[in-house]
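Asks: First, the structure itself, so that you have it in front of you.
Next comes the structure, spelled out in structure tokens:
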């Protein structure tokens, strides 16, 4: 009997030791590592598996155990996996908390508000982003964005502080596609190609400050195009010479460039900025008029003329 009791006690002690060891193990592997990388941002890419995420977090020093992480993710999220995104770990956190955050997409990053104005060129946008996003690679962005001039839709955006230039370009292009998808019928009725529409809209955006003038000017410029006349507009000079109308000289008007629409007929080879929806709509829904010429005075008021002589008279009167 004594022998039986002794064996029973020994078994209980052994079980107790095992349970205590398991508890210690759970506690040890659940708490944050001693060298937790405070301030670390970890990117979980789209379609990453739980195992791949666990390995990345383990290698980054965020968690102690990939196995415990996977178990918690499965238990917390019914095996639905993890959410892609950039996760900020600004303080040591338990593996349970990290599993919960990555399961439900709690990234911990405060997004930065960036307003991109209508008519901003890729160069303008790179400056705006550099001003609003710390340590932003403006040069890399400009290299990518220059190729997409005209299709980076001006809007209010919210970006993570570690956003990559490519992400911003893709986001802005995506907004352009979504916005223009709503006016496909109008584009088709206009009879113009989308590339020509965007090029023209980028000029119209710079030429007028209200919708009525935009539509009238768009009508004038399309009329010149259809008549085989050069557009003879100033905004492209800002794009390739960085000069506004009041700074242009007669020599500037003779500079050889495909963007010099005094020398070359048709539209510029690329858009000269990124137009907003109002300029795009004005371009595909222009107003017909008798006018062939226009100019803007120092207060931004537009003056139209049907003849070149009338245009010269307006220049003498208003400029």
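Numbering (the numbering used here), first residue to last: 415 to 733.
Beta carbons are placed, not taken as given, at the ideal position from N, Cα and C, and that holds for glycine.
(1) Could you please give the first and the last residue of the uninterrupted alpha helix (DSSP H) stretch that includes residue 725?
(2) Can you find at least 3 beta carbon pairs, one from the region 558 to 565 and one from the region 698 to 718, that sit closer than 8 Å?
(3) Between the beta-carbon of residue 615 and the beta-carbon of residue 672, is there less than 8 Å?
(4) What is the DSSP secondary structure of residue 398, counted as helix, strand or coil?
(5) Should residue 633 and residue 702 be called a contact, given that it needs their Cβ atoms to be closer than 8 Å?
(6) So if DSSP puts residue 528 in a beta bridge, which residue, or which two residues, is it bridged to?
(7) Would you report the Cα separation of residue 736 and residue 700, rounded to the nearest angstrom?
(8) For residue 645, does the three-state DSSP call read helix, strand or coil?
(9) Tell me whether the beta-carbon of residue 621 lies closer than 8 Å to the beta-carbon of residue 649.
(10) Could you tell me whether the region 649 to 669 touches the region 721 to 729, using the rule of 3 or more Cβ pairs below 8 Å?
(11) Can you tell me the Cα-Cα spacing of residue 492 and residue 465, whole angstroms?
(12) Does residue 498 come out as helix, strand or coil in the three-state DSSP assignment?
(13) Give the straight-line distance between the Cα atoms of residue 686 and residue 733, rounded to the nearest whole angstrom.
(14) Tell me which same chain residues have a C-beta within less than 6 Å of the C-beta of residue 506, skipping the five on either side of it?
(15) Can you give me the C-alpha to C-alpha distance between residue 486 and residue 610, rounded to a whole angstrom?
(16) Roughly how many angstroms separate the alpha carbons of residue 389 and residue 654, rounded to a whole number?
(17) What did DSSP end up calling residue 734 once you bin it into helix, strand or coil?
(18) Across the region 520 to 535 and the region 471 to 491, are there enough close Cβ pairs to call them in contact, namely three or more that are closer than 8 Å?
(19) Please go through the same chain and pick out, in chain order, the residues whose beta-carbon is closer than 8 Å to the beta-carbon of residue 523, but skip the five residues on each side of it.
(20) Considering only C-alpha positions, which residue in the set 602, 604, 619, 681 is nearest to residue 639?
(21) How long is the line joining the alpha carbons of residue 787 and residue 460, rounded to whole angstroms?
(22) Go through its chain and collect everything with a Cβ distance to residue 452's Cβ below 8 Å, but skip five positions before and after it.
(23) Smallest Cα separation from residue 496: which of 554, 510, 519, 509?
(24) Whose C-beta lies closer than 6 Å to the C-beta of residue 722 among residues of the same chain, with five residues either side of it excluded?
(25) When you compare the CB positions of residue 563 and residue 535, do they come within less than 8 Å of one another, or not?
(26) Would you decide whether residue 603 is buried or exposed? Buried here means 16 or more other CB atoms lie within 10 Å of its CB.
(27) Looking only at its chain, what residues have a beta carbon closer than 8 Å to the beta carbon of residue 572, apart from the 5 residues adjacent to it on each side?
(28) Which same chain residues, not among the five before or five after residue 725, have their C-beta less than 6 Å away from its C-beta?
(29) Could you compute how far the alpha carbon of residue 566 sits from the alpha carbon of residue 585?
(30) Pick helix, strand or coil for residue 449, following the three-state DSSP scheme.
(31) With C-beta atoms as the reference, is residue 696 less than 8 Å away from residue 628?
(32) Give the DSSP-derived three-state secondary structure of residue 688 in the structure shown.
(33) Tell me where the alpha helix (DSSP H) around residue 482 begins and ends.
(34) Taking 8 Å as the threshold (C-beta atoms), are residue 583 and residue 569 in contact?
Replies: The short version:
(1) For the purposes of this step, residue 725 is identified with residue 311 of the chain shown, where counting begins at 1. Per DSSP, residue 725 belongs to the alpha helix (DSSP H) from 722 to 732.
(2) Taking a cut-off of 8 Å on C-beta distances, the region 558 to 565 does not touch the region 698 to 718, as fewer than three cross pairs fall below it.
(3) As a working note, residue 615 is residue 201 in the chain shown. As a working note, residue 672 is residue 258 in the chain shown. Going by C-beta atoms, residue 615 is not nearer than 8 Å to residue 672.
(4) No statement about residue 398 is possible, as the shown extent of the chain runs from 415 to 733 and does not include it.
(5) For the purposes of this step, residue 633 is taken as the residue at position 219 of the chain shown. For the purposes of this step, residue 702 is taken as the residue at position 288 of the chain shown. When the beta-carbon positions are compared, residue 633 and residue 702 come within less than 8 Å of each other.
(6) Here residue 528 refers to the residue found at position 114 of the chain shown. By DSSP's assignment, residue 528 forms a beta bridge with 571.
(7) In the structure as shown, the chain starts at 415 and stops at 733, and residue 736 therefore has no counterpart that could be examined.
(8) Translated into the one-based positions of the chain shown, residue 645 becomes position 231. Here residue 645 sits in coil by DSSP.
(9) Here residue 621 refers to the residue found at position 207 of the chain shown. Here residue 649 refers to the residue found at position 235 of the chain shown. Yes.
(10) Segments in contact, no.
(11) Translated into positions along the chain shown, residue 492 becomes position 78. Translated into positions along the chain shown, residue 465 becomes position 51. Whole-angstrom Cα-Cα distance: 15 Å.
(12) One-based indexing of the chain shown puts residue 498 at position 84. If DSSP states are grouped into helix, strand and coil, residue 498 belongs with coil.
(13) Here residue 686 is taken as the residue at index 272 of the chain shown, counted from 1. Here residue 733 is taken as the residue at index 319 of the chain shown, counted from 1. Cα-Cα distance, rounded: 25 Å.
(14) Your numbering for residue 506 matches position 92 in the chain shown. Shown here for residue 506: same chain residues with a beta carbon closer than 6 Å to its own, the five before and five after excluded, namely 446, 450 in chain order.
(15) Numbered from 1 along the chain shown, position 72 holds the residue referred to as residue 486. Numbered from 1 along the chain shown, position 196 holds the residue referred to as residue 610. Put simply, the backbone Cα of residue 486 is about 55 Å away from that of residue 610.
(16) The question about residue 389 has no answer, for the chain in this structure spans 415 to 733.
(17) What is shown of the chain runs 415 to 733, which leaves residue 734 out entirely.
(18) With the cut-off at 8 Å, the region 520 to 535 and the region 471 to 491 do not touch.
(19) Along the chain shown, one-based indexing puts residue 523 at 109. Result list for residue 523: 455, 500, 501, 502, 574, 575, 576, in chain order.
(20) Taking the chain shown and counting its residues from 1, one reaches residue 639 at position 225. Looking at the Cα atoms, 681 is the closest of the given residues.
(21) Lying before the first or after the last residue shown, residue 787 is absent from the chain, which here runs from 415 to 733.
(22) Numbered from 1 along the chain shown, position 38 holds the residue referred to as residue 452. If you ignore the 5 residues before and after residue 452, its C-beta comes within less than 8 Å of the C-beta of 503, 504, 505, 506, all in its own chain and listed in chain order.
(23) One-based indexing of the chain shown puts residue 496 at position 82. The shortest C-alpha separation from residue 496 is found at 519.
(24) Within the chain shown, the letter at position 308 stands for residue 722. Excluding its 5 nearest sequence neighbours in each direction, residue 722 has no C-beta neighbour in its own chain below 6 Å.
(25) Sequence index remark: in the chain shown, residue 563 carries index 149 (1-based). Sequence index remark: in the chain shown, residue 535 carries index 121 (1-based). The Cβ atoms of residue 563 and residue 535 sit closer than 8 Å to each other.
(26) One-based indexing of the chain shown puts residue 603 at position 189. Around the beta-carbon of residue 603, fewer than 16 other beta-carbon atoms lie within 10 Å, marking it exposed.
(27) By one-based count along the chain shown, residue 572 stands at place 158. Answer for residue 572: 525, 526, 527, 528, listed in chain order.
(28) Along the chain shown, read from residue 1 onward, the residue named residue 725 stands at position 311. If the five residues before and after residue 725 are omitted, its C-beta is found closer than 6 Å to the C-beta atoms of 707, 719, all from its own chain and listed in chain order.
(29) Against the chain shown, residue 566 aligns to sequence position 152. Against the chain shown, residue 585 aligns to sequence position 171. The straight-line gap from Cα to Cα measures roughly 8 Å.
(30) For the purposes of this step, residue 449 is taken as residue 35 along the chain shown, with counting starting at 1. Correct three-state label for residue 449: coil.
(31) Position 282 of the chain shown, counted from the first residue, corresponds to residue 696. Position 214 of the chain shown, counted from the first residue, corresponds to residue 628. Closer than 8 Å, so yes.
(32) Walking along the chain shown from the start, residue 688 turns up at place 274. In the three-state reduction of the DSSP assignment, residue 688 falls in the strand class.
(33) By one-based count along the chain shown, residue 482 stands at place 68. Run containing residue 482: 480 to 491, per the alpha helix (DSSP H) assignment.
(34) As a first step, residue 569 is located in the chain shown; it is residue number 155 there, counting from the start. As a first step, residue 583 is located in the chain shown; it is residue number 169 there, counting from the start. With respect to residue 583, residue 569 sits apart: the two C-beta atoms are not nearer than 8 Å.
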